[in-house]
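For reference, the structure discussed in these notes is given below.
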DNA sequence: CGGCATCCGAAGTGATACTG
DNA sequence: CAGTATCACTTCGGATGCCG
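Written out as structure tokens, the structure is:
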């Protein structure tokens, strides 16, 4: 086994890493987070978690996304095996997107992130406010 | 309650969203993911999960990070209330970083992401390989 | 030691126009 | 409908130099 985990519950008592790999690699976790962390992926995955969607349906369901970014987002998800793309050679063309089982297994994590975000959203907003008040000149945002 | 969740386990049977908020807002989940998805935050959090670290200790523990990016990363974590920063006015100066309880609570999620990444890393790599083989001209990477 | 200021290239994103 | 192509703008990240 080249990866290890240790649950961390209490501050200042932990000595072993939460995540590590043999040569300090991240075993793809940052790849995943970098993908989920972009502007649209999570919103598209959440919409697809509800069922099969056509291209325009997705675009209408994710307000503000451009055609270009929707294309890029679903392409990358397809490349990673999280989304399947089915082309029906009709006129007009019809393309259906659907989460794969792998993609569906990720919705659990997305939900866990949403839970955490929701639970601690106020705390983070408060922390940012007081930090900004204490550092009015800072460019960090 | 303005946020709702529905577990999704089986494909093509889900009709309710995994994550939603009243006006289609993401309740901070993309904020969080965008932060965790950057190049260094997770690595810094993982290192700090092991205990208190000084600035240079952190930099040595996270190979490849520049002074600038380490500063930005810990500043943003501090602003969000995930990391505390303690300055000892000694000569030379000594600054200690430590996860707050809020930050520690996030290590659970990081571990869940790492678990998922580890479990499905091979599947994703394989999927990317065959996609790249099937789309040799594509710029998507 | 622990930063900050500056410059530069790379990547992400948006708007627009065009196509099978 | 479902894209592709191009351009412009913004953000991210690395390198370097300076400072208390």
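Protein chains in written order, with the working numbering: chain A, 584 to 724; chain B, 584 to 724.
All residues carry an ideal CB built from backbone N, CA and C; glycine is no exception.
Check, Outcome
"Boundaries of the alpha helix (DSSP H) in which residue 712/A is found, first to last residue", "684 to 717"
"Residue 722/B (DSSP reduced to helix, strand or coil)", "coil"
"Burial state of residue 661/B, where buried means 16 or more other Cβ atoms lie within 10 Å", "buried"
"Cutoff 8 Å; reference residue 629/B; Cβ partners in own chain excluding five residues on either side", "690, 693"
"Environment of residue 627/B [buried if 16+ CB atoms lie within 10 Å]", "buried"
"Unbroken stretches of the alpha helix (DSSP H), 4 residues or longer, contained in the stretch 618 to 674 of chain A", "624 to 631, 638 to 644, 650 to 662"
"Beta-carbon gap between residue 696/B and residue 616/A smaller than 8 Å", "yes"
"Proximal residues to residue 638/A (C-beta, below 6 Å), its chain only, five neighbours per side dropped", "678"
"Under 8 Å between C-beta atoms of residue 685/B and residue 703/A", "yes"
"Min CB distance residue 671/A to chain B below 8 Å", "no"
"Per-residue burial, residue 594/A [other beta carbons within 10 Å of its own, 16 or more giving buried]", "In this prediction, residue 594/A scores a pLDDT of 42, lower than 50, which makes its location untrustworthy; the coordinate-derived value is nonetheless stated afterwards. Per the 10 Å Cβ criterion, buried."
"Option in 663/B, 653/B, 649/B with minimal Cα separation from residue 715/A", "663/B"
"Cβ pair residue 612/B, residue 700/A closer than 8 Å", "yes"
"Proximity to residue 682/A [Cα-Cα], best of 676/A, 669/A, 674/A, 673/A", "669/A"
"Neighbour list for residue 659/A in chain B, Cβ cutoff strictly below 7 Å", "723"
"Test: residue 732/A CB closer than 8 Å to a CB of chain B", "This structure cannot speak to residue 732/A, because chain A is shown only from 584 to 724."
"Exposure label - residue 723/B; buried when at least 16 CB within 10 Å", "exposed"
"Beta-carbon proximity check, residue 618/A vs residue 643/A, cutoff 8 Å", "no"
"Residue 707/B classed as buried or exposed, judged by whether at least 16 other C-beta atoms fall within 10 angstroms", "buried"
"Between the CA atoms of residue 674/B and residue 713/B - distance to the nearest angstrom", "57 Å"
"CB of residue 653/A within 8 Å of CB of residue 641/A, strictly", "yes"
"Contacts around residue 607/B, its chain only, beta-carbon distance under 8 Å, and the 5 residues preceding and following it disregarded", "In this predicted model, residue 607/B has a pLDDT of only 49, less than 50, meaning its place in the structure is not dependable; the value taken from the coordinates is given anyway. So no residue of the chain qualifies."
"Residue 657/B versus residue 667/A - alpha carbon distance", "38 Å"
"Whole-number beta carbon distance between residue 620/B and residue 647/A, since they are thought to touch under 8 Å", "That belief does not hold up - the Cβ atoms of residue 647/A and residue 620/B are roughly 19 Å apart, past 8 Å."
"Contacts that residue 706/A makes with chain B (C-beta to C-beta distance below 7 Å)", "664, 685"
"When 651/B, 720/B, 665/B are compared against residue 625/B, the one with the closest alpha-carbon", "665/B"
"Per-residue contacts from residue 612/B into chain A (C-beta, under 7 Å)", "625, 696, 697, 700"
"Closer than 9 Å at the beta carbon, the chain B residues around residue 689/A", "699, 703"
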